[in-house]
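The opening position of the sequence shown corresponds to residue 318 in this note's numbering, with each subsequent residue numbered one higher. Idealized CB from N, CA, C, for every residue including glycine.
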Amino acid sequence: MQVTGKVKLINAEQTFGSNGFRKRELVVTTEEQYPQSILIEFVQDKCDLLNNFNIGQDVTVSINIRGREWVNPEGETKYFNSIQGWRIEAAQAAGAPAENNFETTSAPTVSSNESEDDLPF
């Protein structure tokens, strides 16, 4: 899945616990009729992906949605979701030519001395 929009916020990296778990948060505001501010977490080695991006930049972020169950001390079950980023790229400007990942081929040429076939199509 992907989220495309403008970078609204890039938080500083946070480190948790003795195991050195790292997390960095990014907020992307979508550009649609009703813009959404989406919080996306980057964890561990993916935190470094945000180093080359700035507030106001248009980006496309590849994401995974994560969910977990938690039972509180009273025995009540709660569910939590998070959005984790695993790739971020500068979004292509509108009107800019797209890079194609395929080869273009030209139509074969037909010489004028070849006879026409009788097929109706």
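If we count the other Cβ atoms within 10 Å of its Cβ and call it buried at 16 or more, is residue i buried or exposed?
| i | result |
| --- | --- |
| GLU391 | exposed |
| ALA415 | Residue confidence for ALA415 is low, a pLDDT of 44 falling below 50, so the modelled location carries little weight; the figure read from the coordinates is stated next. Exposed: under 16 other Cβ atoms inside 10 Å. |
| PHE333 | exposed |
| ARG385 | exposed |
| ASN417 | Legend: pLDDT at ASN417 = 41, less than 50; position of this residue unreliable, no value from coordinates given. |
| VAL359 | Inspection of the sequence shows that residue 359 is occupied by Phe rather than by Val. PHE359 comes out buried. |
| ARG404 | exposed |
| ARG383 | exposed |
| GLY337 | exposed |
| LEU367 | buried |
| LEU356 | exposed |
With DSSP as the reference, identify every bridge partner of residue i, one or two as the case may be.
| i | result |
| --- | --- |
| SER335 | Answer is none; SER335 lacks a bridge partner. |
| GLY319 | The sequence given here has Gln at residue 319, not Gly. Beta-bridge pairing links GLN319 to SER379. |
| LYS340 | GLN331, VAL360 |
Report yes if the C-beta distance between residue i and residue j is below 7 Å; otherwise report no.
| i | j | result |
| --- | --- | --- |
| THR377 | GLN319 | yes |
| SER335 | THR346 | no |
| GLN361 | ARG339 | yes |
| ALA408 | ASP365 | no |
| ASN381 | GLN350 | no |
Does the segment 319-336 come close enough to the segment 366-378 to have 3 or more Cβ pairs within less than 8 Å? yes
Write down every uninterrupted run of the beta strand (DSSP E) in the segment 360-408 whose length is 3 residues or greater and which is fully enclosed by it, in chain order. 375-388, 394-407
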